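**Student:** For the sequence shown, full-length UniProt numbering begins at 1 and goes up steadily by one. For glycine and all other residues, C-beta sits at the position ideal for the given N, C-alpha and C. This one's a predicted model, so the numbers in the text were calculated from it and none came from an experiment.
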Amino acid sequence: MQRETSDIEVRFAAPGEDGTIEGVAIRFGVVDSYGSQFAPSAFAGMEGRTVPMLWSHDRADVIGSWTVTRISPTDMKVRGRLNLDVQRAREARAMIQAGDVRGLSVGFSTVKDERRGAVRTILRATLHEVSITAFAAVPGSAVTSIRSDRAGAAVRLAEAALSAARAIRNPRP
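(1) Is the beta carbon of Leu127 less than 8 angstroms from the beta carbon of Val31?
(2) Pick helix, strand or coil for Glu91, following the three-state DSSP scheme.
(3) Taking the alpha-carbon positions, what's the Ala98 to Met76 distance?
(4) Could you check what DSSP says for residue 174 in three-state terms: helix, strand or coil?
(5) Are the Cβ atoms of Val68 and Arg49 separated by less than 8 angstroms?
(6) From which residue to which residue does the beta strand (DSSP E) around Gly99 run?
(7) Consult DSSP for Pro73 and reduce its assignment to one of helix, strand or coil.
(8) So, under 8 angstroms CB-CB, Trp66 and Gly80 are touching, yes? Tell me the CB distance rounded to an integer number of Å.
(9) Among Val111, Ala89, Gly103, which one has its Cα closest to the Cα of Thr20?
(10) Taking C-alpha atoms, which residue in Leu123, Phe43, Val78, Gly117 lies nearest to residue 216?
(11) According to DSSP, is Arg49 helix, strand or coil?
(12) Considering Cα atoms alone, identify which of Thr133, Val111, Ile122 is closest to Arg27.
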(Lines of atoms letter the chains of each structure in order from A and count residues from 1; the text may use other names and numbers.)
(Lines give C-alpha, C1' and ligand atoms only; values in the text may rest on other atoms or scores of the structure.)
Protein backbone atom coordinates (compact mmCIF):
# COMPACT_ATOMS: atom_id res chain seq x y z
CA MET A 1 0.00 0.00 0.00
CA GLN A 2 1.46 3.36 -1.02
CA ARG A 3 1.79 6.13 1.59
CA GLU A 4 0.58 9.56 0.53
CA THR A 5 0.52 13.04 1.97
CA SER A 6 -1.88 15.95 1.79
CA ASP A 7 -1.14 19.41 3.11
CA ILE A 8 -3.34 21.89 4.98
CA GLU A 9 -2.86 25.48 6.06
CA VAL A 10 -2.20 26.28 9.71
CA ARG A 11 -2.96 29.49 11.59
CA PHE A 12 -2.04 29.87 15.25
CA ALA A 13 -4.09 32.02 17.60
CA ALA A 14 -1.49 32.83 20.26
CA PRO A 15 1.97 31.74 21.35
CA GLY A 16 1.91 28.67 23.54
CA GLU A 17 4.17 27.59 26.34
CA ASP A 18 3.21 23.95 26.77
CA GLY A 19 3.14 22.91 23.11
CA THR A 20 -0.57 22.03 22.91
CA ILE A 21 -2.10 22.63 19.46
CA GLU A 22 -5.74 22.26 18.37
CA GLY A 23 -7.07 22.63 14.89
CA VAL A 24 -8.64 21.30 11.73
CA ALA A 25 -6.54 18.61 10.04
CA ILE A 26 -8.78 18.01 7.02
CA ARG A 27 -11.55 19.98 5.33
CA PHE A 28 -13.72 17.49 3.48
CA GLY A 29 -14.77 18.19 -0.10
CA VAL A 30 -11.99 20.73 -0.74
CA VAL A 31 -9.76 19.97 -3.73
CA ASP A 32 -6.08 20.26 -2.82
CA SER A 33 -3.16 21.23 -5.03
CA TYR A 34 -2.71 17.56 -5.99
CA GLY A 35 -6.22 17.33 -7.47
CA SER A 36 -7.51 15.20 -4.58
CA GLN A 37 -10.23 15.73 -2.01
CA PHE A 38 -11.33 13.78 1.03
CA ALA A 39 -14.89 12.55 1.50
CA PRO A 40 -16.39 12.85 5.01
CA SER A 41 -16.15 9.05 5.22
CA ALA A 42 -12.38 9.04 4.60
CA PHE A 43 -11.29 8.80 8.23
CA ALA A 44 -14.48 7.39 9.79
CA GLY A 45 -13.80 5.65 13.10
CA MET A 46 -10.63 7.66 13.83
CA GLU A 47 -12.07 9.72 16.71
CA GLY A 48 -9.99 9.15 19.82
CA ARG A 49 -7.11 7.60 17.88
CA THR A 50 -3.58 8.93 18.36
CA VAL A 51 -1.02 9.31 15.56
CA PRO A 52 2.55 10.64 15.52
CA MET A 53 3.33 14.32 14.94
CA LEU A 54 6.26 14.46 12.52
CA TRP A 55 8.43 17.24 11.15
CA SER A 56 7.88 17.35 7.36
CA HIS A 57 6.98 13.64 7.08
CA ASP A 58 10.39 12.56 8.37
CA ARG A 59 9.76 9.31 10.27
CA ALA A 60 13.01 9.86 12.17
CA ASP A 61 11.78 13.27 13.37
CA VAL A 62 8.88 12.54 15.76
CA ILE A 63 8.13 15.79 17.61
CA GLY A 64 4.91 14.90 19.44
CA SER A 65 1.54 13.26 18.92
CA TRP A 66 -1.98 14.10 17.72
CA THR A 67 -5.38 12.79 18.80
CA VAL A 68 -8.36 12.98 16.46
CA THR A 69 -10.97 14.79 18.55
CA ARG A 70 -13.94 15.18 16.19
CA ILE A 71 -15.07 14.20 12.71
CA SER A 72 -17.99 16.17 11.27
CA PRO A 73 -19.48 16.34 7.76
CA THR A 74 -17.14 19.26 7.01
CA ASP A 75 -13.84 18.53 8.75
CA MET A 76 -11.64 16.45 11.06
CA LYS A 77 -10.30 18.19 14.17
CA VAL A 78 -7.16 17.21 16.03
CA ARG A 79 -5.43 18.12 19.26
CA GLY A 80 -1.70 17.67 19.55
CA ARG A 81 1.18 18.28 21.88
CA LEU A 82 4.71 19.09 20.86
CA ASN A 83 7.15 17.08 23.00
CA LEU A 84 9.21 20.00 24.29
CA ASP A 85 11.90 17.62 25.59
CA VAL A 86 12.82 17.15 21.90
CA GLN A 87 14.99 19.86 20.32
CA ARG A 88 13.19 19.78 16.94
CA ALA A 89 9.83 20.24 18.73
CA ARG A 90 11.16 23.35 20.48
CA GLU A 91 12.38 24.60 17.10
CA ALA A 92 8.98 23.86 15.54
CA ARG A 93 7.22 25.76 18.34
CA ALA A 94 9.50 28.77 17.81
CA MET A 95 8.83 28.73 14.05
CA ILE A 96 5.07 28.39 14.63
CA GLN A 97 5.06 31.26 17.12
CA ALA A 98 7.08 33.44 14.72
CA GLY A 99 4.70 32.63 11.87
CA ASP A 100 7.45 31.02 9.80
CA VAL A 101 5.65 27.68 9.49
CA ARG A 102 1.98 27.60 8.50
CA GLY A 103 1.33 24.11 7.21
CA LEU A 104 0.14 20.72 8.36
CA SER A 105 0.18 17.68 6.14
CA VAL A 106 -1.44 14.30 6.69
CA GLY A 107 0.32 11.06 5.83
CA PHE A 108 -2.15 8.36 4.83
CA SER A 109 -2.77 5.26 2.74
CA THR A 110 -5.74 5.19 0.40
CA VAL A 111 -8.10 2.28 1.02
CA LYS A 112 -10.80 3.31 -1.48
CA ASP A 113 -11.09 6.19 -3.93
CA GLU A 114 -12.86 7.23 -7.11
CA ARG A 115 -11.88 9.51 -9.94
CA ARG A 116 -14.20 11.87 -11.76
CA GLY A 117 -12.38 13.79 -14.44
CA ALA A 118 -9.28 15.42 -12.97
CA VAL A 119 -10.43 15.11 -9.33
CA ARG A 120 -9.75 12.07 -7.17
CA THR A 121 -12.02 11.63 -4.14
CA ILE A 122 -10.55 9.63 -1.28
CA LEU A 123 -13.47 7.68 0.20
CA ARG A 124 -11.58 5.65 2.83
CA ALA A 125 -8.04 6.08 4.09
CA THR A 126 -5.78 5.05 6.93
CA LEU A 127 -4.24 8.00 8.78
CA HIS A 128 -0.58 7.34 9.63
CA GLU A 129 0.63 10.73 10.85
CA VAL A 130 0.14 14.49 10.76
CA SER A 131 3.22 16.60 10.03
CA ILE A 132 4.09 20.21 10.59
CA THR A 133 5.35 21.52 7.23
CA ALA A 134 6.32 24.75 5.50
CA PHE A 135 3.68 24.51 2.75
CA ALA A 136 -0.03 23.69 2.62
CA ALA A 137 -2.20 22.35 -0.18
CA VAL A 138 -5.75 22.12 1.23
CA PRO A 139 -7.36 25.59 1.51
CA GLY A 140 -9.38 26.48 4.60
CA SER A 141 -7.84 24.15 7.17
CA ALA A 142 -6.39 25.86 10.23
CA VAL A 143 -5.05 25.39 13.73
CA THR A 144 -7.43 27.15 16.08
CA SER A 145 -5.13 27.53 19.08
CA ILE A 146 -1.77 26.86 20.60
CA ARG A 147 -2.21 26.84 24.35
CA SER A 148 -0.16 28.78 26.82
CA ASP A 149 0.93 27.47 30.19
CA ARG A 150 1.34 30.99 31.56
CA ALA A 151 -1.94 30.79 33.51
CA GLY A 152 -0.84 27.50 35.07
CA ALA A 153 2.53 29.01 36.01
CA ALA A 154 0.77 31.99 37.62
CA VAL A 155 -1.44 29.65 39.66
CA ARG A 156 1.59 27.63 40.81
CA LEU A 157 3.40 30.85 41.79
CA ALA A 158 0.36 32.09 43.75
CA GLU A 159 0.05 28.73 45.53
CA ALA A 160 3.74 28.82 46.47
CA ALA A 161 3.39 32.39 47.79
CA LEU A 162 0.33 31.40 49.83
CA SER A 163 2.16 28.39 51.25
CA ALA A 164 5.14 30.59 52.20
CA ALA A 165 2.83 33.14 53.84
CA ARG A 166 1.17 30.37 55.88
CA ALA A 167 4.58 29.09 56.98
CA ILE A 168 5.60 32.58 58.17
CA ARG A 169 2.29 33.09 59.96
CA ASN A 170 2.27 29.63 61.56
CA PRO A 171 5.91 28.62 62.05
CA ARG A 172 6.58 25.03 63.08
CA PRO A 173 8.21 24.54 66.51
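**Tutor:** A quick look at the data gives this:
(1) no
(2) helix
(3) 26 angstroms
(4) Nothing about residue 174 can be read from this structure; the chain reaches only from 1 to 173.
(5) yes
(6) Unbroken run through Gly99: none, as it is neither H nor E.
(7) coil
(8) 4 angstroms
(9) Ala89
(10) There is simply no residue 216 to check, as the chain begins at 1 and stops at 173 in what is shown.
(11) coil
(12) Ile122
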